[in-house]
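Residue numbers (the numbering used here), protein chains in the order written: chain A, 438 to 1039; chain B, 7 to 350. Shown next, in structure tokens, is the structure this report addresses.
Structure follows, in structure tokens:
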């Protein structure tokens, strides 16, 4: 098996295994083989088990694979449960101290015992680096077994430690210890190999979605960031800070064209965002489920008082604290209607690194165009895992600041009303504080207000205002990112969003080989674009695939599509906290399409 | 031909009427209405440009009052107890704005204690007024967290919990301007407000403001009668704008003249002969002693004119962030290409 398999490193959190895993990933990528790294890690600083999968996929699939071909077992506590996951014919590199017994004893896999601790003691001085270097030994062992040249690993070490040349040297010693040991003691018995490939990864590099979203915010003109650290969104604001330090600071004056405040909680984080948006700045916060729950009250004010702001929600597994380091698409329904009363928000659903960047940027335009909070829902899988991506495109369009009246505009107008629907699209005109005109001011409030922003408890005024907000939502329906559609007239279709996309891509190939052809629509925003209803109408069966227990998008589709169309929806759900894979779609879909056929492929 | 100078206008040529707002919908005799009137006077005399004033509030009787002054200014009625965060965002977005926060004792000391504390810690440049009546009005008379221990509600319930002193707390948290006053004492409140406007940093004013409907009875420690009997003035307060000359007409040692950040002065004529408003520990001691004696100590409790406010700390440019466009905010095309190739 060449270039098409999955390696799983089972290690202990805090042991430095992440560096080793990334060096291995970069080494394989350097050979031109498309890689899919997936980190399954604990909510812990040190000591709990962690797993890192590197999938090699010559077809360029970007979802995780369910099967494990090669296991690197460096965690005694999970040894007994990790071994059974390896596919027959697979290989297991393990600490020689582990007993091949019980569930860990199999006759259909190849074992490669390595005395990691002894090798480390032999080659490295006593001290903390030794612990970290043990993991680098495994990279050398694998490099030898898979046929990866030592020079390629060394180059990957430079990729990993580009700011720490000294680290390259010590780590390379560890890699060579592994290579030498494998050459002398581990004759190759399995059939896995890595060979150089061409044309598949040219110009691509690895990036995580939080970094891409931070770049989107930066290029989207965000100047005020208020955030409360929460896994898995923390690295989004940290990346923004890193780029703001580099690109927004005047080298002479040290002035900084970005304010970043670490808020006391998410109640304050969103308050600062909306206050800044009200005063005319582009502002954002990033959070995850528990933080989003805290933001609910101010989100309602943002909707009703019509204040721009961008909220990145990097979804994790809830409810409550849930699994903080596992992925889910569990906030879709909540974000769409977050806050009490009748509220409906604009929600963007990026599924790729390019979209994390582009929708992250576009969110600021939409927030100001529609004068409302915009939620960008990525997830832990997109936000924290590395994905192959092409370079992100430089934006060609200027900011869309929306309907903002200047002092000159006000001078020409006989009157204006903050919440008056002059253009019949539900979007009123606004002014920002500081506008030097005597008619600029108005009173922003979350209580009932009329077209002139005056306090009102009138039933008619209240209902008229709510109807206008609904009209604005309809206008947004035509402006939010359109769904992406692949259609060839098949009666069955798949509908998905976000990172589920990558499993759909592989699933459709598998289904095609099994004789089941599908069309495909990927939703990229709420409210649902009109094209979505039309797509459902053109299909007999639409499988709505998502990563939550309750079929949240399916629920939204059911409530918004005409009744007859809603009956065409069939929900497929995956919600165990690890990213969805192709079998999670293929198996239920095949069972539904061919109920009489043989058992599922997986 | 020379035009005669306009009369009845302030230094920026606006009449007092410009500083008025909609008619109050609060109860007749509410302390908050008096504070509104003192604010109108203070803002008018100070010459605040209405378009640069950002009136921020939360929820409650006090938080309604920004609608009752400076109609032309922008106002922001946030959610309960969360005005400080919105005020912080607004100021960061446009540092030219003069941020005036109006809150109440429930809004600040109960539901909003966290945001209040962190606003003070950050030393956001703003004036933060607590219209403090110790009671919830709109929900008809429950205790708030500033109610004094032992004070009695209209229907007889006694507050058994310790009071939260928003002034003492502010000083503890590093506040740079802390004053206490009384809604009925415009002579003291107006110059304190003007000094607060001039101060660069968070200026906290706890203004005892009796609730005539729910907390003005015997047994209340926030009633007109109680304040009348228990108020102790630390000093008399004069505010002298940067353009005016400081005329010394007091005996040496009897007044404290503090120059504020914009060149204005606040002159405190000492009544007890010893109070130093720049002594942080002394201020804390004074607040504690007054509480033990059951006195309502009013005046400028503490001021520090040598602190860094949030916008300075963030090293924000003088041009408001809200006014920066693509060329100032986007990475240049060449740098972008370099950044992208650095990932490869």
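By construction, the Cβ of each residue, glycine as well, lies at the ideal position given by its N, Cα and C atoms.
Secondary structure in the region 862-935 of chain A: the beta strand (DSSP E) runs of 3 residues or longer, each lying completely within the stretch, are 880-882, 921-923, 929-934 in chain order.
Think of a sphere of 8 angstroms around the beta carbon of residue 884 (chain A): the chain B residues whose beta carbon falls inside it are 83, in chain order.
Leaving aside the five residues that flank residue 847 (chain A) on each side, the residues in its chain whose CB is nearer than 8 angstroms to its CB run, in chain order, 853, 868, 872, 874, 876, 877.
For the region 671-704 of chain A, residues whose beta-carbon sits nearer than 9 angstroms to a beta-carbon of chain B comprise 680, 683, 684, 685, 686, 687, 690, 691, 692, 693, 694, 695, 696, 697, 698, 700, 701, 702, 704. Within 7 angstroms of the CB of residue 22 (chain B), no CB atom of chain A is found; the nearest one sits about 15 angstroms away. Note on geometry: alpha-carbon atoms of residue 249 (chain B) and residue 272 (chain B) lie some 13 angstroms from one another. Nearest Cα to residue 727 (chain A) within the set A:747, A:635, A:704, A:708: A:704. Cβ proximity to chain B below 8 angstroms picks out 835, 836 from the region 833-866 of chain A. Residues of chain B whose Cβ lies closer than 8 angstroms to the Cβ of residue 999 (chain A) do not exist, since the nearest Cβ in that chain is about 37 angstroms away. With a beta-carbon spacing of about 7 angstroms, residue 131 (chain B) and residue 316 (chain B) fall inside the 8 angstroms limit used to define contacts. In the three-state scheme derived from DSSP, where H, G and I count as helix and E and B as strand, residue 535 (chain A) is classed as coil. Counting along the chain, residue 134 (chain B) sits inside the beta strand (DSSP E) bounded by residues 132-138. Within the model, the alpha-carbon separation for residue 473 (chain A) versus residue 743 (chain A) is close to 41 angstroms.
DSSP, read as helix, strand or coil, puts residue 271 (chain B) in strand. Taking CB atoms only, residue 656 (chain A) has a neighbour in chain B less than 8 angstroms away. Proximity of the region 774-791 of chain A to the region 752-765 of chain A falls short of the contact definition, fewer than three beta-carbon pairs being nearer than 8 angstroms. Beta-bridge pairing by DSSP links residue 303 (chain B) to B:238. In the three-state DSSP reduction, residue 110 (chain B) falls in the strand class (E or B). Leaving aside the five residues that flank residue 61 (chain B) on each side, the residues in its chain whose CB is nearer than 6 angstroms to its CB run, in chain order, 72, 79, 81, 106. Taking 8 angstroms as the cut-off, the beta carbon of residue 573 (chain A) is found closer than this to the beta carbon of residue 612 (chain A). The residues 197, 273, in chain order, have a CB closer than 6 angstroms to that of residue 244 (chain B) in the same chain once the five nearest residues on each side in sequence are set aside. In the structure shown, the three-state DSSP call for residue 715 (chain A) is helix. Just so you know, the alpha carbons of residue 798 (chain A) and residue 519 (chain A) end up roughly 41 angstroms apart. Beta-bridge pairing by DSSP links residue 80 (chain B) to B:60. Counting along the chain, residue 342 (chain B) sits inside the alpha helix (DSSP H) bounded by residues 339-349. For residue 183 (chain B), the enclosing beta strand (DSSP E) covers residues 183-188. Your pair residue 758 (chain A) and residue 664 (chain A) does not check out as a contact, with CB atoms roughly 19 angstroms apart and the cut at 8 angstroms.
Taking a C-beta cut-off of 9 angstroms against chain A, the contacting residues of the region 92-121 of chain B are 92, 93, 94, 95, 96, 97, 98, 99, 100, 102, 103, 120, 121, listed in chain order.
With respect to the 8 angstroms criterion, residue 170 (chain B) and residue 151 (chain B) are classified as neighbours on the basis of their beta carbons. If you draw a 10 Å sphere on the C-beta of residue 527 (chain A), you find 16 or more other C-beta atoms in it, and that means buried. C-alpha of residue 21 (chain B) to C-alpha of residue 969 (chain A): approximately 58 angstroms in a straight line. For residue 752 (chain A), the closest of A:922, A:870, A:985 by C-alpha to C-alpha distance is A:985.
By the rule that beta-carbons nearer than 8 angstroms mark a contact, residue 573 (chain A) does not touch chain B.
By the criterion of a C-beta distance shorter than 8 angstroms, residue 567 (chain A) is surrounded in its chain by 557, 558, 561, once the five residues flanking it on both sides are discounted. Residue 978 (chain A): not part of any alpha helix (DSSP H); member of the beta strand (DSSP E) spanning 978-983, first to last residue. In this structure, residue 990 (chain A) lies away from residue 941 (chain A), with their beta-carbon atoms at least 8 angstroms apart.
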